[in-house]
Amino acid sequence: MTLQIETVPCLSDNYAFLAHDPDTGDTAVIDVPEAAPILKALADKGWTATQVLLTHHHADHVQGLDEILAKHDAKVVGAAADAHRLPPLDTAVKEGETIKIGNESGEVIDVSGHTVGHIAFHFPSSKVAFTADSLMALGCGRVFEGTMPQMWESLQKLAALPGDTTICSGHEYTAANARFALTIDPDNPRLISRSEAIETARANGQPTVPSTLAEELATNPFLRAGDARVQDHLGMSGANPAEVFAEIRTRKDNF
1 MTLQIETVPC LSDNYAFLAH DPDTGDTAVI DVPEAAPILK ALADKGWTAT QVLLTHHHAD
61 HVQGLDEILA KHDAKVVGAA ADAHRLPPLD TAVKEGETIK IGNESGEVID VSGHTVGHIA
121 FHFPSSKVAF TADSLMALGC GRVFEGTMPQ MWESLQKLAA LPGDTTICSG HEYTAANARF
181 ALTIDPDNPR LISRSEAIET ARANGQPTVP STLAEELATN PFLRAGDARV QDHLGMSGAN
241 PAEVFAEIRT RKDNF
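With the UniProt record's numbering, the residue at position 19 of the sequence shown is 19, and numbering never jumps.
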């Protein structure tokens, strides 16, 4: 059986996720912005956390950990490159290594850029990737610690996953991301349609995360830096996509 995924809203605009293997009962918590909603979600499902997977060191992704561990005997997994500033890890991992939730194996992907040492987790059998603040719904994380080329390379790794992969990202930023995306790719009918659906969802208090990689490839301007229409709109026809990405990210920073 595939993993059962639960999306857990936390703080004002964060998401944590639960990934549960029904065959073994193992449950992973992916990022811990806030303990109370995660503990409630676990209790409501009758699940026990056996692992906590941390994507990066920012407080809004780790600060609920102690409260989780006070109630669940879970092992903590995070990036070896980030271990010096993450909470204490039981398992330190790097790109290309495998982790398991119950019977399902997942791959660790280095997606540095937003931070150096940020990782994502891809579980191919369940067609899901936990990307936190790297690839986001209609966006990507601000490049705080890494470089623009590094972030572009990270996004290309995620873009190469199968299109039906569910992208579980870390924040409810999608409405603002959609408004920006329309300034970059204004004639994209799929983006226009998606933006309208996002407005409706948010007006009804519904989440816009997770999304699918196919949606992101068709509408997310940060993955479309090589698209001729995007380049033409930016006056960068024929430019290196990494340079176009940097221009798009800079514009978003100032949007």
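Just so you know, even glycine gets a beta-carbon here, dropped at the ideal spot from N, CA and C. The structure displayed is predicted, hence computed values, not measured ones.
Inter-residue CB distance, residue i and residue j (contact presumed, cutoff 8 Å)
i: Phe121; j: Val108; result: 6 Å
i: Leu138; j: Asn220; result: 5 Å
i: Thr55; j: Val77; result: Contact flag wrong, Cβ pair sits at about 10 Å.
i: Phe123; j: Glu104; result: 6 Å
i: Thr174; j: Ile198; result: 5 Å
i: Val244; j: Ala225; result: 4 Å
i: Ala81; j: Gly106; result: 18 Å between Cβ atoms; not a contact.
i: residue 260; j: Met148; result: Absent from the structure is residue 260, since the part of the chain shown begins at 1 and ends at 255.
i: Ala160; j: Ile119; result: With 8 Å as the limit, Ala160 and Ile119 do not qualify as a contact, their Cβ atoms being about 16 Å apart.
i: Ala74; j: Ala49; result: 4 Å
i: Ala242; j: Trp152; result: 5 Å
Contact set for residue i: own chain, Cβ-Cβ below 8 Å, skip 5 residues either direction
i: Glu34; result: Cys10, Leu11, Asn14, Ala16, Gln63 and Gly64
i: Lys127; result: Thr2, Pro162, Asp164, Thr165 and Thr166
Beta-bridge pairing of residue i - partner residues as DSSP gives them
i: Val111; result: Partner(s): none; Val111 has no beta bridge.
i: Ser105; result: Lys100
i: Ala203; result: Bridge partners of Ala203: none, in fact.
i: Ala129; result: His122 and Ile167
Sequence-distant residues of the same chain with beta carbon closer than 7 Å to residue i, five excluded per side
i: Arg142; result: His114 and Asp253
i: Lys71; result: Leu39
i: Pro87; result: Val62, Leu65 and Val76
i: Ala41; result: Glu6, Val8 and Leu18
i: Leu89; result: Val76, Val77, Gly78 and Ala83
Assigned secondary structure, residue i (DSSP; H/G/I helix, E/B strand, else coil)
i: Lys75; result: strand
i: Asn14; result: strand
i: Gln63; result: coil
i: His20; result: strand
i: Thr7; result: strand
i: Met136; result: strand
i: Gln51; result: strand
i: Ala28; result: strand
i: Thr250; result: helix
i: Thr208; result: coil
i: Thr165; result: coil
i: Val93; result: strand
i: His118; result: coil
i: Leu234; result: coil
i: Val143; result: coil
i: Met148; result: helix
i: Thr2; result: coil
i: Glu172; result: coil
i: Asn177; result: helix
i: Ala159; result: helix
i: Pro33; result: coil
Cβ neighbours of residue i in the same chain (closer than 6 Å, five flanking residues each side left out)
i: Ala28; result: Ala19, Gln51, Leu53 and Ile101
i: Asn177; result: Leu138 and Gly139
i: Asp185; result: Leu191, Pro221 and Val230
i: Ser237; result: Gln231
i: Ala201; result: Thr208
Closer than 7 Å: residue i CB and nearest the ligand NAD heavy atom
i: Asp31; result: The ligand NAD is not part of the structure shown, which contains no ligands of any sort.
Fill in: Cβ contact (3+ pairs, closer than 8 Å) linking the region 123-137 and the region 79-97
No, the region 123-137 does not touch the region 79-97.
Discussion item. Quick check: the region 161-169 against the region 199-216, are at least 3 beta-carbon pairs closer than 8 Å?
Written reply: The region 199-216, when compared against the region 161-169, does touch it at the 8 Å Cβ threshold.
Discussion item. Does the contact criterion of 3 or more C-beta pairs under 8 Å hold for the region 217-236 versus the region 190-197?
Written reply: These segments touch.
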